[in-house]
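Report on one structure; see the data block that follows.
In the numbering used here, the protein residues as written are 41 to 156.
Here it is, written out as structure tokens:
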């Protein structure tokens with residue numbers, strides 16, 4: 041039996057941009073992606089703390105060291121610049137493997153979206 045478990049989580053980052061005219065996705069600073077063990081094109085769930093919106097999209101690599109968190113395309117309508125969001129990815133794995141799996145959870149500074 042396989043189950044889905046949290047693989048990666050970027051907890052409480054600030055939306056820095058919302059680009060309605062882009063083709064879609066979320067652009068994330070590459071430093072945050074590395075720390076959270078996320079890769080480009082990976083499916084993620086976005087949870088908006090400010091308004092309760094939840095959506096799924098995929099990751100695009102942003103410029104390293106910028107703290108960039110940009111919701112693109114239709115997702116831009118679900119956030120406002122300055123909103124606090126949580127970014128979560130999941131993995132499917134065997135039940136016994138899931139019992140010992142340790143997800144990559146990061147807690148950047150909300151004001152700057154940077155790690156320590």
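Built from N, CA and C at the ideal position, the CB exists for glycine as well.
So, with DSSP's three-state summary, where would you put residue i?
i: residue 72; result: helix
i: residue 89; result: coil
i: residue 11; result: For the chain, the structure presents residues 41 to 156; residue 11 sits outside this window and is missing.
i: residue 62; result: coil
i: residue 84; result: strand
i: residue 47; result: strand
Starting from the Cα of residue i, find the closest Cα among the options and give me that residue.
i: residue 141; options: 79, 131, 147; result: 131
i: residue 146; options: 55, 73, 88; result: 73
i: residue 100; options: 116, 80, 137, 41; result: 80
i: residue 93; options: 70, 104, 64, 125; result: 125
i: residue 149; options: 71, 41, 43, 44; result: 71
i: residue 49; options: 129, 104, 42, 96; result: 129
i: residue 43; options: 152, 136, 82; result: 136
i: residue 105; options: 57, 41, 152; result: 152
Can you grab the Cα-Cα spacing for the pair residue i / residue j, in whole Å?
i: residue 68; j: residue 143; result: 18 Å
i: residue 127; j: residue 47; result: 11 Å
i: residue 86; j: residue 51; result: 10 Å
i: residue 75; j: residue 90; result: 24 Å
i: residue 175; j: residue 82; result: Residue 175 lies beyond the residue range present for the chain, which begins at 41 and ends at 156; the question has no answer from this structure.
i: residue 95; j: residue 64; result: 12 Å
Compute the distance between the beta-carbons of residue i and residue j, then report whether it is under 8 Å.
i: residue 66; j: residue 53; result: no
i: residue 110; j: residue 102; result: yes
i: residue 113; j: residue 62; result: yes
i: residue 59; j: residue 138; result: no
i: residue 164; j: residue 119; result: Because residue 164 is not part of the residues shown, which for the chain are 41 to 156, the question remains open.
i: residue 133; j: residue 45; result: yes
> At which residue ranges does the region 103-151 contain complete beta strand (DSSP E) runs of 3 or more residues, listed in the order of the chain?
Replying inline: 109-112, 124-134, 144-146
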